[in-house]
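All the letters of the sequence shown, read from the start, carry residue numbers 28 to 327 under the working numbering.
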Amino acid sequence: MILGSHVSFKKDDQLLGSVKEAISYGANTFMFYTGAPQNTVRSEINMNLKDQAMELMKENKIDKKNVVVHAPYIINLASSLEKHEFAVNFLKQEVKRVEILGFDKIVLHPGSYVSLTKEEGIKNIIGGLNEVLKDDTSVMILLETMAGKGTECGVNFKEIRQIIDGVLKKQNIGVCLDTCHINDAGYNLNDIDIILNDFDQIIGLKYLKCLHINDSKNPILSHKDRHENIGLGTIGFNNLMNVIYHEKLKDVPKILETPYVTVNDSSKDRAYPPYKLEIEMIKSKNFNPNLINDIREYYK
Ligand code: FE
Ligand code: FE
Ligand code: ZN
28 MILGSHVSFK
38 KDDQLLGSVK
48 EAISYGANTF
58 MFYTGAPQNT
68 VRSEINMNLK
78 DQAMELMKEN
88 KIDKKNVVVH
98 APYIINLASS
108 LEKHEFAVNF
118 LKQEVKRVEI
128 LGFDKIVLHP
138 GSYVSLTKEE
148 GIKNIIGGLN
158 EVLKDDTSVM
168 ILLETMAGKG
178 TECGVNFKEI
188 RQIIDGVLKK
198 QNIGVCLDTC
208 HINDAGYNLN
218 DIDIILNDFD
228 QIIGLKYLKC
238 LHINDSKNPI
248 LSHKDRHENI
258 GLGTIGFNNL
268 MNVIYHEKLK
278 DVPKILETPY
288 VTVNDSSKDR
298 AYPPYKLEIE
308 MIKSKNFNPN
318 LINDIREYYK
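Structure follows, in structure tokens:
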């Protein structure tokens, strides 16, 4: 099983810190933003730290092919004019950074059409992807399935297919399926086989390169996109386990993006990462109804 979580990428220790964090969770893969997701401030990649990180990954049997970067969510390829140009240029830079760091996958939210029509938005996304993916691009862009919040594009498999159809360099395009997002978009995770058949028929399972494993705070078709800890939301532990342990998905990296657990401390509010205990729970195949309290206890 290839299982990990979102980890941080900090200015001081960069990728080395990300790898150490993943190892501390008992993970064998991870995902990170190369800087703050909501701005364009990026520190220069320190190659010494990168080399140390790669060494540590090798020692811990973390295959760089399973590691994914997440593009900042301020990139909106569905937009037009200056905003579109900004998105294309920033995505090009991010793709370069992924290459420099030695990885080959970046997850991207397709985009929101805002005041345009959805058709125009999808057309802009396709144009943007074709501008970013050049002959010498080695990185694969993974389009994430979205919850349908606001004016998001890519809320069902047909829309993702439509985008892929327009991309010229199809060998550089893949899909990241997010369990919370598809639940909120209207897919019923009580039967993952129906979903995977649908995916295979409309997109093709070979395009599926990453899974975001999250429970959801909201019911099916709510279009909300609020992640919940594993087993504590509306999707539930058994349904998520059926995704994680599905035979057809065994080689696909699985990334947890579940919320940090807060502690109402008298001095200040802290938040603890849930990933170590969630990964343990997934590996044990036993639902822990006291997960949140156990996380608080663990980090006390
Ligand atoms: Fe995402
Ligand atoms: Fe996600
Ligand atoms: Zn989400």
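Don't be surprised by glycine CBs; every beta carbon is placed ideally from N, CA and C.
### Query
Can you tell me whether Ile306 is buried or exposed, with buried defined as 16 or more other CB within 10 angstroms of its CB?
It is buried - the Cβ of Ile306 has at least 16 other Cβ atoms within 10 Å.
### Task
Return the residue from the list Tyr299, Asp131, Ala80 and Lys312 that minimises the CA-CA distance to Gln41.
For the set Tyr299, Asp131, Ala80 and Lys312, the Cα lying nearest the Cα of Gln41 is the one of Ala80.
### Query
Between His111 and ligand 3, is the CB less than 7 Å from at least one heavy atom?
Result no, Cβ not under 7 Å from ligand 3.
### Query
Hey, is the stretch 183-196 in contact with the stretch 145-156, meaning 3+ C-beta pairs nearer than 8 Å?
Under the 8 Å Cβ criterion, the stretch 183-196 counts as touching the stretch 145-156, having at least three qualifying pairs.
### Query
Which residue from Phe314, Pro280, Tyr272 and Asn291 puts its Cα closest to that of Ile89?
Nearest C-alpha to Ile89 among Phe314, Pro280, Tyr272 and Asn291: Pro280.
### Query
At which residues does the beta strand (DSSP E) containing Tyr299 begin and terminate?
Unbroken beta strand (DSSP E) run through Tyr299: Asp296 to Tyr299.
### Message
Using 8 Å for Cβ pairs, my map puts Lys176 next to Val202. What's the rounded Cβ distance?
### Response
Not really, about 19 Å apart at Cβ, beyond 8 Å.
### Query
Are the stretch 205-214 and the stretch 156-167 touching, with three or more C-beta to C-beta distances below 8 Å?
Contact between the stretch 205-214 and the stretch 156-167 is absent, because fewer than three Cβ pairs lie under 8 Å.
### Query
Thinking just about the alpha-carbon of each residue, which of Phe264, Lys303 and Arg323 is nearest to the one in Asn313?
Per the Cα distances, Phe264.
### Query
Expressed to the nearest angstrom, what Euclidean distance is found between the alpha-carbon atoms of Lys145 and Asp78?
So the two alpha carbons sit approximately 43 Å from each other.
### Query
Which term fits Lys132, buried or exposed, when burial requires 16 or more other beta carbons within 10 angstroms of its beta carbon?
Buried.
### Message
Using C-beta distances below 6 Å, list every residue in its chain close to Val290, excluding the 5 sequence neighbours before and after it, in chain order.
### Response
So the list reads Arg297 and Arg323, once near-sequence residues are dropped.
### Task
Keeping to the same chain, check which residues put their C-beta closer than 8 Å to that of Gly129; ignore five residues upstream and five downstream.
Closer than 8 Å at Cβ, skipping near neighbours: Lys77, Met81 and Lys91.
### Message
Is the beta carbon of Ser51 closer than 8 Å to that of Leu283?
### Response
No, these two residues do not count as a Cβ contact at 8 Å.
### Task
Inspect the beta-carbon positions of Asn55 and Leu30 and report whether they are closer than 8 Å.
Going by C-beta atoms, Asn55 is nearer than 8 Å to Leu30.
### Task
With DSSP collapsed to three states, give me the class of Met173.
Correct three-state label for Met173: coil.
#### Entry: Status (buried if at least 16 other CB within 10 Å, exposed otherwise) for Glu71
Here Glu71 is exposed: its Cβ has fewer than 16 other Cβ atoms, across all protein chains shown, within 10 Å.
### Task
Apply the 10 Å Cβ neighbour rule to Pro300 and answer buried if 16 or more other Cβ atoms are within range, or exposed otherwise.
Looking at its Cβ environment, which holds 16 or more other Cβ atoms inside 10 Å, Pro300 is buried.
### Task
Return the first residue and the last residue of the alpha helix (DSSP H) that Phe113 is part of.
Counting along the chain, the unbroken alpha helix (DSSP H) around Phe113 starts and ends at Leu108 to Leu128.
### Message
Whether or not the stretch 218-228 and the stretch 241-250 are in contact is what I'm after, with contact meaning three or more pairs of Cβ atoms, one per stretch, closer than 8 Å; do they touch?
### Response
Contact between the stretch 241-250 and the stretch 218-228 is absent, because fewer than three Cβ pairs lie under 8 Å.
### Query
If you check the beta carbons only, do Pro137 and Leu108 fall under 8 Å apart?
Not a contact, by the Cβ cut-off of 8 Å.
### Query
Does the distance from the C-beta atom of Leu238 to that of Leu267 stay below 8 Å?
Not a contact, by the Cβ cut-off of 8 Å.
### Task
May I ask you to report which of helix, strand or coil DSSP gives Glu86?
Looking at Glu86 - three-state DSSP - the assignment turns out to be helix.
### Message
Alpha carbons only, please: which of Tyr326, Phe117 and Ile230 is nearest the one belonging to Phe184?
### Response
For the residues Tyr326, Phe117 and Ile230, the minimum Cα distance to Phe184 belongs to Ile230.
### Message
Please state whether the Cβ-Cβ distance between His111 and Leu104 is less than 8 Å.
### Response
Taking 8 Å as the Cβ cut-off, His111 and Leu104 qualify as a contacting pair.
### Query
For Asn73, which three-state DSSP category applies?
Asn73: coil per DSSP, three-state reduction.
### Supposed close pair Asn66, Ile101 - CB separation, criterion 8 Å
With 8 Å as the limit, Asn66 and Ile101 qualify as a contact, their Cβ atoms being about 7 Å apart.
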